[in-house]
Every structure is written in C-alpha cells, then in structure tokens.
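Have a look at the structure below, then the notes.
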Amino acid sequence: MYSRFGLLTVILVLIGIMFMSIVTVKAAVKSKVSHKTKAGTMKAWLDNENILTVYLSKAIPDKIKVYSDLFKVVDDDNNQIEVVKVSSLKVEEKKANLFELELKQPLEVDKLYFVKAKGYKDAPIIPRHVLDNEKYVYSGNDLGSVYSQNKTDFKIWAPTALNVEVLIYDYYSSDLKNTFTEKKLTKNVNGTWTASVNGDLKEKYYLYKIKLYVDGKETEYIVADPYSRASAVDCMKTLIFDPKDISDSVSGWENDTFVTLKQNVDAILYELHVRDYTISPTSGTEKELKGKYMGMAEHNTLSEEKLSTGVDNVIELGATHIHLLPTYDYGSGDEAEMNSSYTWYNWGYDPVLYNNVEGSYSTYPNGITRQIEYMKMVQAIHNSNLGVVFDAVFNHTFETGDKKFSIFDKIVPYYYYRVKDDGTYSNGSFCGNEFATERPMVRKFIVDSVKYFAEEYHIDGFRFDLMGLIDKETMLEIYRELKLINPNAIVYGEGWKMPTILPVEDCMIQANIGNSGVAAFNDGIRDNLRGDVFDAKAKGFVEGAKPMTGFDRLKLQIKGQSTGRNKKSIPVASPNATVNYVSCHDNLCLWDKLVAADPDASIEKIKKMDLLAFGAVVTSQGIPFLAEGDEFGRTKHGDDNSFNNNDPTINPINWNLKFKNSNMFKFYKGLIQLRKEHPAFRMTTEDMVNKHLEFLDIKLPDGVLAYVIKNNANQDSWRNILVILNSTDKDQEIEIVGKWKVVVLGEQPPKFPIAQAGYEMIRMDVNKINVPAISIYVAHTEDKVFSYELDK
23 MYSRFGLLTV ILVLIGIMFM SIVTVKAAVK SKVSHKTKAG TMKAWLDNEN
73 ILTVYLSKAI PDKIKVYSDL FKVVDDDNNQ IEVVKVSSLK VEEKKANLFE
123 LELKQPLEVD KLYFVKAKGY KDAPIIPRHV LDNEKYVYSG NDLGSVYSQN
173 KTDFKIWAPT ALNVEVLIYD YYSSDLKNTF TEKKLTKNVN GTWTASVNGD
223 LKEKYYLYKI KLYVDGKETE YIVADPYSRA SAVDCMKTLI FDPKDISDSV
273 SGWENDTFVT LKQNVDAILY ELHVRDYTIS PTSGTEKELK GKYMGMAEHN
323 TLSEEKLSTG VDNVIELGAT HIHLLPTYDY GSGDEAEMNS SYTWYNWGYD
373 PVLYNNVEGS YSTYPNGITR QIEYMKMVQA IHNSNLGVVF DAVFNHTFET
423 GDKKFSIFDK IVPYYYYRVK DDGTYSNGSF CGNEFATERP MVRKFIVDSV
473 KYFAEEYHID GFRFDLMGLI DKETMLEIYR ELKLINPNAI VYGEGWKMPT
523 ILPVEDCMIQ ANIGNSGVAA FNDGIRDNLR GDVFDAKAKG FVEGAKPMTG
573 FDRLKLQIKG QSTGRNKKSI PVASPNATVN YVSCHDNLCL WDKLVAADPD
623 ASIEKIKKMD LLAFGAVVTS QGIPFLAEGD EFGRTKHGDD NSFNNNDPTI
673 NPINWNLKFK NSNMFKFYKG LIQLRKEHPA FRMTTEDMVN KHLEFLDIKL
723 PDGVLAYVIK NNANQDSWRN ILVILNSTDK DQEIEIVGKW KVVVLGEQPP
773 KFPIAQAGYE MIRMDVNKIN VPAISIYVAH TEDKVFSYEL DK
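The number in the numbering used here is simply the position in the sequence shown, starting from 1, with 22 added.
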C-alpha cells in the first residue's frame with residue numbers, strides 16, 4: 023500500500039505528465055502553423071497585347087509537370103480572361119520560375135489586370151514591351167508645349183494614363199493648389215494626350231497631373247514636363263515661353279555658326295566645369311560672373327600675374343573644342359542658393375530635365391535668363407573659333423519611382439528604364455537605374471533632345487557618359503541626325519562594357535564602334551602611359567615602368583589601332599574612333615596620379631613625367647583630350663572622386679599655377695601647335711597609318727620607344743618625322759642617320775635648360791641624337807630614313 027505522501031507523489035507525477043503532454047501537443051500545433059509555407063511573389067509584364075511574361079520568386083515544384091492550369095488572369099472586376107498557352111522560359115536545367123502566358127484576347131494598357139497562381143500573391147500586370155508596338159509609337163515633333171500669342175498647345179506621351187490634366191500657374195513660386203487655370207487633356211493618337219489653352223500664357227508655369235495605375239494601385243502624380251525646355255528653380259514647374267524671345271536677346275545670334283571640323287582627329291578637346299573654371303579669386307573674372315555661363319563668355323580676364331584665364335586661356339593653349347561637364351538641368355543642390363553663395367558643388371551627373379539648362383550657372387534661375395546666358399556663352403566661344411561639346415548623360419536619371427526628382431516613372435511607370443523580370447532596375451550605371459535607350463519612345467526622346475541642343479544652341483559635339491549602356495542603333499541614329507544638322511559635328515563617349523541586361527552585342531561599347539563615325543575614350547593608352555587607373559600607386563610607361571598591357575599594345579595605341587585596358591586588345595577601326603587621354607574629371611587628375619605613383623619624386627621629375635604623358639597623347643594617332651588645368655599642373659590634392667567636394671582648394675582652378683608652371687603651359691601649347699600644323703599626326707585611316715608610321719627596329723634601351731612618320735604622311739610638308747619617348751631617368755644617345763631638325767626637346771642643361779616644343783627648329787642633330795631623360799623628342803628631316811624608302 024502507498025503511504026499518503028507516496029500516493030500524493032504519484033498523483034503529482036501523473037498530473038505533470040498530462041500537463042507536459044498538453045504543452046507538447048500545443049507546441050507541435052504551433053510549430054506546424056509557424057512552418058506553413060509563405061506565399062511567393064510574382065511579377066507580371068504585358069510584353070505584347072496578349073502575351074505576358076510572369077516571374078515567380080520561387081520555382082514551381084518539380085512534381086508539377088503541367089502548367090496550363092496553374093495561372094489565372096482576371097480584370098479589376100475579377101472577370102477571368104482565358105489563358106490559351108503557358109510556356110516555361112527556364113534556362114538550361116534551372117527550375118521553372120519564368121513563364122510566358124498567351125491569352126485569348128488582348129489587354130488594354132490603361133486597364134488593370136492581375137495574374138493569380140496558387141501559392142503566390144496576386145500580381146498586377148504592368149505594360150512593358152507592349153508599349154514598343156507601332157500602335158504606341160508617336161513620331162511627331164510637338165511633344166511638350168508649343169507657345170503662340172493666342173494659345174499654347176500641350177502634348178504628352180502617356181499611353182497607360184487614366185487621366186491627364188495641365189495645371190497652369192501665375193508664378194514659379196505658386197502653391198500647387200493655387201492654379202491660374204486647369205484643363206483636362208484628351209487622349210489622342212499613339213498614346214499621346216493633347217490640349218490647347220487659349221490666351222497668352224507667356225511667362226506662366228505649368229505641371230501635369232496624371233492619374234494611372236502603379237503596381238496595381240490607382241495613383242496620382244503632379245509632375246514636370248519631361249520635354250521641358252525652361253523651368254522654375256530646382257527643376258520644378260515648366261515655363262511657358264516664346265523661343266524667339268531668347269534668340270532676340272542675343273545680338274547677332276542669327277549669324278552664329280558651328281566651327282569647322284573636317285575629321286575627328288583635327289579636334290583637340292579641352293574638358294572643363296563651368297563653375298570650376300571661373301569661380302576662383304585667382305581667375306580675374308568679374309565678381310558677379312564667377313562660376314557662371316557669362317563668366318565663360320568673358321574675355322580679357324587675367325590672373326594676379328597678368329596671365330590669361332578663362333576662355334582666353336583655352337584660346338591661347340590652342341584647343342579646338344571646349345567640352346563642358348553637364349549643363350542640362352540636374353538635380354543636385356539648390357539653384358536659388360547657388361546664386362548667392364557656393365555652399366554646395368556637383369559635377370552634374372544627376373539628370374532631371376534634359377532639355378533645360380542648369381540654373382545654378384545663371385545669374386538668375388527663373389524665367390529665360392539661363393537660356394539667354396547659355397546662348398551668349400556659346401556665341402562667345404564660337405566667336406573665339408572654338409567649338410562647344412555638350413556632356414550628355416542618357417545612361418541613367420537622378421531618381422526613379424515616386425521620388426522628388428523622378429519624372430519618367432511618374433508618367434509611364436517602368437517604361438523608360440531597363441527593369442529585370444523580378445521588378446528590380448538594371449543598374450549597370452551604378453547610379454540605381456539605366457535608361458532603356460533601345461525602346462522607341464526612349465530613343466525618340468534622346469534623339470529629340472540632342473537635335474534640340476544642336477539646332478537651338480548650336481552645340482558642335484556631344485560626349486556620351488557611359489555610352490556602353492546606350493544601344494548601338496540609338497547612337498547611330500544620333501550620329502546620322504547630327505550630321506544632317508551639322509556635318510562638322512563630333513560624337514564620342516565612354517565605351518566601357520558595363521553590367522547591363524542589354525545584350526552586349528547591342529551596346530555601344532568600344533568593341534562595337536567600328537567605322538560608325540562615333541569615337542570612344544581610349545582607356546588602354548591612358549593606363550599604359552600613366553598606370554592602372556584603379557590603383558593609385560601603379561606605375562605606367564612615363565613613370566619608368568613596363569606599360570600595363572605591354573609595349574606592343576602601347577605601340578598599337580600610338581598608331582590609333584587599339585583600345586581596352588584588359589589583357590585582350592580591342593581593335594580600333596580608325597584613328598577617328600579613338601579619344602586619347604591621360605586625364606579627365608574622373609579618377610586622379612594627371613598630376614595627382616604621378617605623385618601617388620612616385621611619391622618620392624621631385625617636383626621637377628613630376629613635371630617631366632607630365633610633359634612626357636601629354637606629349638605621347640598629342641603626337642599619337644587619334645583625338646587628343648585633356649582636362650582643365652592639366653597644362654599647368656592642376657592638383658586636386660589626391661581627391662579621385664571630387665564630384666561633390668565644395669572645398670575651395672579642390673575643384674576650382676587655381677590660376678596662380680599657370681604662372682608657377684608657365685614652362686609646362688608653353689610646352690603643352692607648343693605640342694598642340696605642332697599637331698595642328700602637321701597633318702602627319704592626324705592620319706585618318708588604318709591603311710594610311712600602316713603605310714606611313716613605323717617603329718624603329720634598332721636596339722633601344724628598355725623604356726624608350728621611337729618611331730618615324732615617313733614619306734609626307736597625310737600630305738604633310740615634312741618628309742620624315744621622328745618621335746622618341748624616353749621614360750628612363752637617363753639621357754639616351756641614339757644613332758639614326760640623317761640631319762634632324764629638332765622641334766620638341768626636353769630639358770638638357772646647360773644649353774637647353776627648359777623643355778621646348780613647337781614646330782620651329784630648336785637645334786640640328788646629325789646622325790646622332792641625344793634624348794633627355796624622361797622626355798619626348800620630335801624632329802624631322804628631308805633625308806631618307808630607311809634604305810627602302812621611296813624617293814620624293
């Protein structure tokens with residue numbers, strides 16, 4: 023028998039067991055619930071009127087072999103639309119998560135539909151490639167607003183919109199609700215909406231109010247016109263104006279013309295930033311015009327040492343074109359604040375309103391003052407026989423979605439961007455998005471914008487940022503249209519291969535340029551001459567090291583026949599297709615790169631390496647390019663990405679350096695004069711270069727390259743030209759038969775203590791040449807150089 027205490031113990035144990043069993047059951051039930059499979063997500067795209075592409079966040083289980091009953095398509099009232107066919111788009115052996123659905127009937131792009139599938143959240147169907155159909159492609163040239171004294175016409179392309187209104191305001195500062203008048207637009211042809219508002223609306227501002235579906239939800243946006251050609255401060259409301267008022271305000275504009283450029287290789291491109299070039303106290307620019315378009319138009323400006331600054335410096339140097347860093351209306355910074363004080367800075371690679379010009383470089387950011395001053399700047403540059411190159415950034419926009427500076431996504435969601443099947447933006451630009459340049463209405467927008475600046479502002483050339491993200495056909499159309507407007511136009515860009523979803527064969531990368539007429543920056547010659555751009559300490563040829571990809575590649579780059587910084591060479595079809603450079607706004611400027619790569623070098627050695635680098639560029643076949651201030655040793659004190667650095671010692675040009683390094687400036691100037699005077703340095707075809715340019719096969723010391731441009735190349739007045747690049751730290755004596763008239767010579771004390779360059783003879787060398795350490799040597803002769811050389 024159990025004792026009382028023993029029985030109690032048994033009872034307590036039994037109760038404990040029962041309690042634990044209950045807890046265990048509850049826990050098991052709870053565990054079962056918590057491990058219930060979560061619903062997957064879908065993305066559904068309308069890629070033709072009855073064709074959907076559906077992306078699933080997780081693959082369909084292998085056990086499901088028939089997909090036809092998996093998906094349902096319904097409209098907003100839950101009416102079912104028959105799915106005729108389902109095809110798996112899985113690649114290779116990957117599990118199925120991408121499908122194509124064929125519907126029995128077409129869908130409307132301005133209606134709301136959903137795709138349903140068991141185990142997945144319902145997905146709204148978003149119009150995508152269907153908008154590329156001819157039905158939605160508008161070819162007219164009247165998008166935007168067209169002003170006349172009696173009325174203003176408005177037209178916008180918004181095929182997926184439910185409703186569009188134009189909101190007109192009296193002032194740029196008007197509250198959004200305080201409109202002067204409002205008017206609904208009527209749906210018109212090819213996805214456009216139109217309206218006319220009677221009366222003289224000049225100097226009033228407007229916005230569009232657009233209602234549409236965004237990710238399955240009815241949404242309303244108030245947005246600026248993407249075709250806006252004038253706006254309020256900070257990219258806000260679009261200004262209604264008479265274009266004639268701009269040109270009439272610029273005396274003599276009707277006589278302004280493009281500069282002459284027979285071949286790309288005849289150009290010498292000088293890159294600058296409007297603010298940087300005149301903002302410094304050392305610039306001598308009128309106080310109110312510092313950092314402005316009108317500062318770039320001002321002549322007779324002098325540094326403290328009475329040396330030319332501003333545009334006069336470019337004229338004196340001898341460049342042919344001024345390449346302006348972005349001057350379209352970009353989103354960084356406050357334009358109103360920029361007028362009174364420089365509390366922010368940006369290069370400007372944040373495009374918002376492509377057809378407007380940036381207001382922070384104007385003396386007044388509202389009205390048409392910025393347009394008038396931009397035109398006056400171009401005119402002043404043209405009057406100096408210089409061309410103007412516009413930096414075009416069509417690879418990405420500043421913002422997307424519903425963000426403040428997003429324009430295109432608020433009008434036709436997702437259409438203007440490359441969006442992956444999973445709904446994320448392709449980001450080959452590393453700026454968050456890519457412009458879908460291959461789509462008809464995106465291509466039209468880009469071509470219209472480029473043509474507008476060429477026609478309205480007489481822009482002579484266009485440089486395309488991250489051109490490798492722009493499709494080939496768009497670039498070719500840009501080129502064709504520009505040449506119809508201006509046969510002297512020059513078109514070039516960054517042909518880097520970027521991680522985009524656009525097939526590589528369709529991208530305007532270096533390898534795809536060929537003889538298109540478009541040119542690309544040559545990163546190969548840059549890195550071979552000065553060292554790897556992504557390694558500050560890496561040395562190149564001018565620092566006395568082996569070129570990054572070897573001497574053979576450097577020789578091809580000097581001949582204008584190779585580009586690319588990787589192991590495999592990328593052929594260049596013509597010297598007209600390669601932009602040769604060692605410095606630009608990106609990465610370390612030339613001076614800073616040389617200092618970083620050789621930190622123990624003296625200032626004099628840095629100068630010699632600098633002159634050798636530019637000398638190699640300007641005497642190579644192709645298009646020479648230099649960045650502002652390189653000609654007198656500009657430094658940004660090691661900042662390799664100064665895009666938003668407002669430190670007054672970093673980006674602004676310090677004109678005192680021109681005096682300090684005056685001999686550098688004279689050398690740069692002399693090299694440019696030499697190139698412009700002698701067409702042998704500007705050959706135009708691969709065959710011509712192969713026929714006339716030959717590297718010497720005599721034994722030369724390591725670090726020395728020598729070549730002859732022979733037999734009056736490109737109808738040059740000089741019979742044979744000798745170029746020697748000596749990157750060693752010793753003078754080199756070389757025996758070459760002939761009487762050589764030396765025109766470019768490095769420092770050679772005591773008789774020639776200063777490096778000199780030009781096309782006038784410095785001295786005569788006979789059969790034996792002494793090339794100073796770390797220098798470029800150029801000479802010419804009427805004598806035969808090779809035994810097989812043809813007589814004149």
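Note that CB positions come from ideal geometry on N, CA and C, so glycine has one too.
Computed from a predicted model, the values in this text were never measured in an experiment.
Identity of the residues DSSP links to residue i by a beta bridge
i	result
tryptophan 762	Asp787
serine 110	Phe121
cysteine 529	Asp493
phenylalanine 647	Leu291
threonine 208	Thr216
asparagine 742	Thr803
phenylalanine 486	Ala414 and Gly515
Minimum C-alpha distance to residue i - residue among the options
i	options	result
aspartate 98	Val137, Glu276, Ser110 and Thr75	Val137
valine 807	Lys773, Val730 and Ser739	Val730
glycine 221	Ala252, Glu240 and Ile262	Ile262
isoleucine 390	Met530, Ile547, Arg461 and Lys226	Lys226
serine 428	Ala735, Met783 and Asp256	Asp256
asparagine 609	Asp549, Thr803 and Ala567	Asp549
glutamate 124	Ile190, His714 and Ser109	Ser109
serine 90	Lys761, Ala623, Ser797 and Val105	Val105
arginine 461	Phe703, Glu650, Asn155 and Tyr479	Asn155
lysine 199	Leu207, Lys206 and Leu189	Leu189
isoleucine 724	Asn683, Thr208 and Ile756	The question names isoleucine, but residue 724 is aspartate in the sequence shown. When only C-alpha atoms are compared, the closest one is Ile756.
phenylalanine 475	Val464, Lys561, Tyr438 and Pro348	Pro348
lysine 80	Met64, Glu327 and Ser605	Met64
leucine 815	Asn101, Lys630, Ser739 and Lys761	Since the first and last residues shown for the chain are 23 and 814, residue 815 lies out of range.
lysine 426	Phe484, Glu380, Val245 and Glu122	Val245
serine 273	Leu408, Val793, Tyr436 and Ile394	Ile394
serine 195	Val540, Asn212, Thr260 and Pro621	Thr260
lysine 328	Thr307, Tyr315, Ile694 and Lys312	Thr307
aspartate 288	Pro387, Asn736 and Thr422	Asn736
Residue i, buried or exposed, once every other Cβ within 10 Å from all chains shown has been counted against 16
i	result
threonine 446	exposed
tryptophan 613	buried
serine 815	Since the displayed the chain opens at 23 and closes at 814, residue 815 lies outside it and no answer follows.
serine 384	buried
glycine 586	buried
lysine 721	exposed
serine 797	buried
glutamate 242	exposed
proline 646	buried
leucine 408	buried
glutamine 532	buried
proline 621	exposed
glutamine 171	exposed
Which of helix, strand or coil DSSP assigns to residue i
i	result
threonine 391	helix
alanine 319	coil
arginine 697	helix
asparagine 455	coil
threonine 14	Residue 14 is absent from the model: the chain starts at 23 and stops at 814.
lysine 442	coil
serine 749	coil
tyrosine 603	coil
proline 794	coil
tryptophan 613	helix
valine 711	helix
histidine 418	coil
valine 152	helix
glutamine 3	In the structure as shown, the chain starts at 23 and stops at 814, and residue 3 therefore has no counterpart that could be examined.
tyrosine 383	coil
Examine the Cβ distances between the segment 224-235 and the segment 367-387 and report whether three or more of them are shorter than 8 Å.
-> no
The segment 572-583 / the segment 267-277 touching (three or more Cβ pairs under 8 Å) | no
Do three or more CB pairs link the segment 771-779 to the segment 737-748 at distances below 8 Å?
-> no
Mind the definition here: the segment 624-639 touches the segment 662-680 only if three or more C-beta pairs lie below 8 Å; say whether that holds.
-> no
Three CB pairs or more closer than 8 Å across the segment 312-319 and the segment 685-699 = no
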